[in-house]
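Chemist: Please find one structure pasted underneath; my questions will follow.
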Amino acid sequence: SQQGEEDPQALSIQEGENATMNCSYKTSINNLQWYRQNSGRGLVHLILIRSNEREKHSGRLRVTLDTSKKSSSLLITASRAADTASYFCATDPYNQGGKLIFGQGTELSVKP
Amino acid sequence: DTAVSQTPKYLVTQMGNDKSIKCEQNLGHDTMYWYKQDSKKFLKIMFSYNNKELIINETVPNRFSPKSPDKAHLNLHINSLELGDSAVYFCASSTRSYEQYFGPGTRLTVT
Chain A
247 SQQGEEDPQA LSIQEGENAT MNCSYKTSIN NLQWYRQNSG RGLVHLILIR
297 SNEREKHSGR LRVTLDTSKK SSSLLITASR AADTASYFCA TDPYNQGGKL
347 IFGQGTELSV KP
Chain B
2 DTAVSQTPKY LVTQMGNDKS IKCEQNLGHD TMYWYKQDSK KFLKIMFSYN
52 NKELIINETV PNRFSPKSPD KAHLNLHINS LELGDSAVYF CASSTRSYEQ
102 YFGPGTRLTV T
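Going down the list, the sequences are from chains A and B. For what it's worth, the working numbering labels the leading residue of the first sequence as 247, then goes sequentially. For what it's worth, the working numbering labels the leading residue of the second sequence as 2, then goes sequentially.
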């Protein structure tokens, strides 16, 4: 299966704590993207990291990419209750016409 | 100013019926997609169109037929609906190899 794997499947933390989610994938990629999905809603793009980048920041988000290990991590610092959602990594594999392969998602719960 | 819109939001229908889901994007993107999200939240691409041309067609039953009348629209027609078709269907658009913008989803329930 080309499906990526995310770890953990579920994460429960207190407001103010940091949340780290990991993603592993199987093929060479053009880029890796992280998306958030609130319950009953569509996916919202958070951040894109290209295969030649190792780290990227956007506000409270920090993403790392290790292409040698075919893995990525998403760190959300100083979490808020509003961060409660499912988080998905998605890879854009080489020569696949731009389609995204999504991981299974991490369900994050931030308790106030 | 919705970027990617889908109609309907909910669709309840009986087995054997034919139904369509419409998608429109006003972002000027050249590529549009259909994804299926199952009850375990696993999201899988079904089709992709670039400038009205089919470029990705995953192993989807031929009861599913996408139609792109123009760059801004990608509709999904489903014939002879089955129980296993129940899922949430998402439309998305992008400029290829960049981030994708998703619609709000259509929850299809087949009874």
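Just so it is clear, CB atoms sit at the ideal spot from N, CA and C, and this is done for glycine as well.
1) What residues of chain A sit near residue 105 of chain B, judged by a beta carbon separation below 8 Å?
2) Go ahead and pull the three-state DSSP assignment for residue 247 of chain A.
3) Once DSSP output is grouped into helix, strand and coil, what is the label at residue 311 of chain A?
4) Quick one: give me the first and last residue of the beta strand (DSSP E) that residue 67 of chain B is part of.
5) At least one CB of chain A closer than 7 Å to the CB of residue 28 of chain B: is that the case?
6) Which residue from A/271, A/307, A/313 puts its Cα closest to that of residue 291 of chain A?
7) Leaving aside the five residues before and after residue 65 of chain B along the sequence, list all residues of the same chain whose C-beta is less than 6 Å from its C-beta, in chain order.
8) Please confirm whether residue 49 of chain B has its beta-carbon closer than 7 Å to some beta-carbon of chain A.
9) What number of angstroms, rounded off, separates the C-alpha of residue 6 of chain B from the C-alpha of residue 348 of chain A?
10) Count the other CB atoms, across all protein chains shown, that sit within 10 Å of the CB of residue 344 of chain A; report buried if there are 16 or more and exposed otherwise.
11) So which residues of chain A does residue 102 of chain B contact, with C-beta pairs closer than 8 Å?
12) Hey, could you find the ends of the beta strand (DSSP E) residue 324 of chain A is sitting in?
13) According to DSSP, is residue 55 of chain B helix, strand or coil?
14) If distances are taken between C-alpha atoms only, which option among A/341, A/340, A/336 comes closest to residue 350 of chain A?
15) Could you tell me the distance, in whole angstroms, from the CA atom of residue 333 of chain A to the CA atom of residue 35 of chain B?
16) Only counting the same chain, and skipping five residues up and downstream in sequence, which positions put a Cβ closer than 7 Å to that of residue 316 of chain A?
17) Taking the alpha carbon of residue 58 of chain B as the reference point, which residue from B/10, B/33, B/96 has its own alpha carbon closest?
18) Could you tell me if residue 70 of chain B is buried or exposed, where buried requires 16 or more neighbouring beta carbons within 10 angstroms of its beta carbon?
19) Within this structure, are the beta carbons of residue 283 of chain A and residue 357 of chain A separated by less than 7 Å?
20) For residue 295 of chain A, which residues of its own chain have a beta-carbon under 6 Å away from its beta-carbon, when the five flanking residues on both sides are left out?
21) I'd like to know if residue 255 of chain A contacts chain B, where contact means its C-beta is closer than 7 Å to some C-beta of that chain.
22) Let's see if you can read the secondary structure: which residues bound the beta strand (DSSP E) around residue 14 of chain B?
23) Report the option in B/102, B/99, B/13 whose CA atom is closest to the CA atom of residue 84 of chain B.
Modeler: Taking the geometry as given:
1) 287, 288
2) Because residue 247 of chain A sits at a pLDDT of 45, beneath the cut-off of 50, its placement in the model cannot be relied upon, and the following sentence gives the value as read from the coordinates. In this structure, residue 247 of chain A counts as coil in the three-state DSSP scheme.
3) strand
4) 65 to 71
5) no
6) A/307
7) 79
8) yes
9) 21 Å
10) buried
11) 291
12) Premise fails: residue 324 of chain A is in no beta strand (DSSP E) and is neither H nor E.
13) strand
14) A/336
15) 19 Å
16) 270, 271, 272
17) B/33
18) exposed
19) no
20) 278, 302, 309, 311
21) no
22) 11 to 14
23) B/13
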